[in-house]
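Peer 1: Let me begin by handing over the structure; questions about it come next.
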Amino acid sequence: MDKKTHSFQAEVKQVLHLVTHSLYSNKEIFLRELVSNASDACDKLRFEALDNAALFEDAPNLEVRVSFDAEARTLTIRDNGIGMSADEAIAHLGTIAKSGTREFMDKLEGDQKKDASLIGQFGVGFYSGFIVADRMTVETRRAGLPADQGVRWSSEGTGDFEVETINLPERGTAVTLHLREGEEEFLKTWRLKSVISKYSDHISLPILMRKEEWNAEKAESTVTDEWETVNKAAALWTRSKSEITEEQYTEFYKQISYDTEPPLAYTHNRVEGRSEYTQLLFIPAKAPFDLWNRDKRGGVKLYVKRVFIMDDAEALMPVYLRFVKGVIDSADLPLNVSRELLQESRDVKVIREGSTKRVLAMLEDLAENQAEKYAAFWKDFGSVLKEGVGEDHQNQERLAKLLRFASTHADEGVSLADYVSRMKEGQEPIYYITADTLAAAKNSPQLEIFRKKGIEVLLLTDRVDEWMLSHLFEFDGKQLQSVAKGAVDLGSLQDEEEKKKAEEVATAFKPVLDRLKESLKARAKDVRVTTRLVDSPACIVVEAGDVSGHLARLLKQAGQQAPTGLPTLEVNADHALVKKLDGSAHFDDLAQVLFDQAVLAEGGHLEDPAAYVRRINALLVG
């Protein structure tokens, strides 16, 4: 095949421009990315060879070799993995298929530190070579193809790349970087070894470099033809915990997660019994950009007897723990396991349950012993963890203890156990209110009697809270009760005199209530006197089994049909505005205004704002 020139995909051109003009901190990350790609290529060959051993050709020992030529100013990373065909080289090295490229651009163009380590997070690691190189050449042949179907890909990292067919006896891929002026540090054995040791020590394949020997006569080191392994070449999770340093755990986490910060917590265990497996699981310190994309495959890397099987094995971790990174290495699963088989395997179910409990134990330890760390975790991941209350009934009680809320006593960090410990003597339910914002929840009229009596109310403002509460009904034997549903009943917290007075007021106010019901019959199913209000004239409530106004708004925003039942209006018979109703010539207008104000106070939207304004203006003038 003659040499052909192709244009990069538009997104690649943007990435390359940013790589060559913006990325300058932590340049050494390029070697981690290219060695990681080489290791992945070997893992893929090993996996495909399970069904076709001929792919190993005459070289069954998989390895990565790193070499340099100081005179030619080139650095080469070579693997004998799966390799690429001509079409694959054009597809993989000329386009970016992974979603998230736009976010990558925004991060690099925005107010941030131009950190090269971001590049791996967005699946564009190959292009990191252009941080230090002004030209890159790739020679590759896919395992199983004849020698005359080798491919040479080359580019200067601008708008185009060239592809031609070459004769390549050995399968695999060699990436050669032609280094820019000023990047001579990457033409030194000690420097390359230190980078490999830092980032790639855990890779289970041997990473080989030529040995360097000291020449006493010339007083300098010379590179020999003998190759030596420069990494430990043992999967980190297979080693004893006592042999592994904190720094090695951190670097391994960064390698598999493309995160730039150390993990918040991790757990490393070998499990034996009905199912035998090793788990090394990490909780990130910060939420990834795609945390809320439930369709994105989350999960951990799956190995079987140290053979890589798949990334993002979501069957091994529930969706609500999709932020967990790590590795699970099973001794029992078959090497040819598929995603479909994972869904049905009994061993997988055991691993999933064990790993879920291990992660929850990590979170419980943080919550109990490192409150500040747990608060940081909750801020980023709390809303996702709440999904588990409805999805994982087996662990619902453990998850309930991990929940944190704002309340009328504190703006954040209140656990259900904290709330129960502060409950008033005689108080039976755990009271809560849902709202769009913390300010709306705090200032809701429904809280007035609770605030007056010093009764704590949880303030729930996450979009997921209403759904979570449809699954969580009690904690520690205490029912969860919305203060905005049903008639308020404080039980023994309300003395007999208060109850008697409320009954007398309701009786005396009955004529006004009857007129209000008639005036508002199209908007309210009932109007009643309430004891929950202290300073406000009225509030909107729904019955215990009905959909709250907050949930109805969320459903509407999501384009779903919300139930159309009418709410109840509760009025404060002691309020001056309500007293003004009796005998007023503007009774109907006042009734409508009372209802509209109650809707606004709970965060709702008026169906006819103009009518509300007209009524207010008329009342002000009158």
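At the far end of the sequence shown sits residue 622, using full-length UniProt numbering, and the numbering has no gaps. Just so it is clear, CB atoms sit at the ideal spot from N, CA and C, and this is done for glycine as well.
(1) Counting only the same chain and skipping the five closest in sequence on each side, list residues whose C-beta sits under 8 Å from that of Lys286.
(2) Assign Ser204 to one of three DSSP states: helix, strand, or coil.
(3) Have a look at Thr74, Ser7 and Asp87 and flag the residue whose alpha-carbon is nearest the alpha-carbon of Asp160.
(4) Run through the DSSP bridge pairs and tell me what Gly150 is partnered with.
(5) Pairs of beta-carbons, one from the stretch 337–352 and one from the stretch 424–442, closer than 8 Å: are there three or more?
(6) When you compare the stretch 158–178 with the stretch 71–90, are there three or more beta-carbon pairs, one atom per stretch, that lie closer than 8 Å?
(7) Return helix, strand or coil for Asp51, following the three-state DSSP convention.
(8) Among residues of its own chain, excluding the 5 on either side of Val457, which ones have a beta-carbon nearer than 7 Å to its beta-carbon?
(9) What do you get for residue 623, buried or exposed, if any count of 16 or more other CB atoms within 10 angstroms of its CB means buried?
(10) How big is the Cα-Cα spacing for Gly603 and Ala502?
(11) Compute the distance between the beta-carbons of Trp467 and Gly413, then report whether it is under 9 Å.
(12) Is it true that the CB of Lys193 sits closer than 9 Å to the CB of Ser257?
(13) Tell me the DSSP bridge mates of Cys539?
(14) Determine contact between the stretch 190–205 and the stretch 245–252, defined as no fewer than three beta-carbon pairs at a distance below 8 Å.
(15) Express the C-alpha separation of Leu34 and Gly120 in angstroms, rounding to a whole number.
(16) By the 10 Å Cβ neighbour count, where 16 or more other Cβ atoms means buried, how is Pro284 classified, buried or exposed?
(17) Just checking my contact of Val389 with Ala400 at CB under 8 Å: how many whole Å lie between their CB atoms?
(18) Would you mind working out which of Trp237, Arg73, Ser128 and Gln396 sits nearest Val12, comparing C-alpha positions?
(19) Take Ala367 as the anchor and find which of Pro146, Glu340, Leu416 and Asp332 has the nearest alpha-carbon.
(20) Nearest-angstrom Cα distance between Asn52 and Arg142?
(21) Going by DSSP, what residues sit across from residue 639 in a beta bridge?
(22) Check whether the Cβ atoms of Pro537 and Leu594 lie closer than 9 Å to each other.
(23) Quick one: is Trp214 buried, meaning 16 or more other Cβ sit within 10 Å of its Cβ, or exposed?
(24) Rounded to whole angstroms, what's the CA-CA distance from Lys98 to Leu402? Just pull it up for me.
(25) Using the three-state DSSP reduction, which class does Met84 fall into: helix, strand or coil?
(26) Return the CA-CA distance between Leu208 and Trp227, expressed in angstroms with no decimal places.
(27) Under the DSSP definition of a beta bridge, which residues are partnered with Leu277?
Peer 2: Reading it off the structure:
(1) Cβ-Cβ distances below 8 Å link Lys286 to Asp259, Glu261 and Asp380 in the same chain, with the five nearest sequence neighbours on each side left out; the list follows chain order.
(2) Note: Ser204 maps to coil in three-state DSSP.
(3) Nearest option by C-alpha distance: Ser7.
(4) For Gly150, the pairing in a beta bridge is given by DSSP as Ile166.
(5) Because the criterion of three Cβ pairs below 8 Å is not met, the stretch 337–352 and the stretch 424–442 do not touch.
(6) These segments touch.
(7) Reduced to three states, the DSSP call for Asp51 is coil.
(8) So the qualifying residues of the chain are Ser407, Thr408, Tyr431, Tyr432, Ile433, Leu447, Phe450 and Val483.
(9) Absent from the model: residue 623. The displayed extent of the chain is 1 to 622, so no value can be given.
(10) Rounded to whole angstroms, the gap between the alpha carbons of Gly603 and Ala502 is 27 Å.
(11) By the CB criterion at 9 Å, Trp467 and Gly413 fall outside the cutoff.
(12) Result no, Cβ atoms of Ser257 and Lys193 do not sit closer than 9 Å.
(13) Its beta-bridge partners are Glu570.
(14) By the Cβ criterion, the stretch 190–205 is in contact with the stretch 245–252, since at least three pairs of Cβ atoms, one from each stretch, lie closer than 8 Å.
(15) At Gly120 the pLDDT is 48, less than 50, meaning the model places this residue with poor confidence; the figure from the coordinates comes in the next sentence. Going by the C-alpha atoms only, they are around 10 Å apart.
(16) Note on Pro284: 16 or more other CB atoms within 10 angstroms of its CB, so buried under the neighbour-count rule.
(17) At roughly 7 Å, the Cβ-Cβ gap stays under 8 Å, so Val389 and Ala400 are in contact.
(18) Checked all of Trp237, Arg73, Ser128 and Gln396; the closest Cα to Val12 is Ser128.
(19) The shortest Cα separation from Ala367 among Pro146, Glu340, Leu416 and Asp332 belongs to Leu416.
(20) CA-CA distance, Asn52 to Arg142, rounds to 14 Å.
(21) In this structure the chain extends from 1 to 622, so residue 639 is not present and cannot be described.
(22) Yes, the pair counts as a contact, with Cβ atoms nearer than the cut-off.
(23) Answer is exposed; the Cβ neighbour count stays below 16.
(24) Only weak support is given to the placement of Lys98: the predicted model assigns it a pLDDT of 46, under 50, and the value that follows is read from those uncertain coordinates. The alpha-carbon atoms of Lys98 and Leu402 are separated by roughly 34 Å.
(25) Residue state, collapsed to three classes: coil.
(26) C-alpha separation (whole angstroms): 6 Å.
(27) Note that residue 277 is Tyr in the sequence shown here, rather than Leu. For Tyr277, which the question treats as bridged, DSSP gives the partners Val271 and Ser330.
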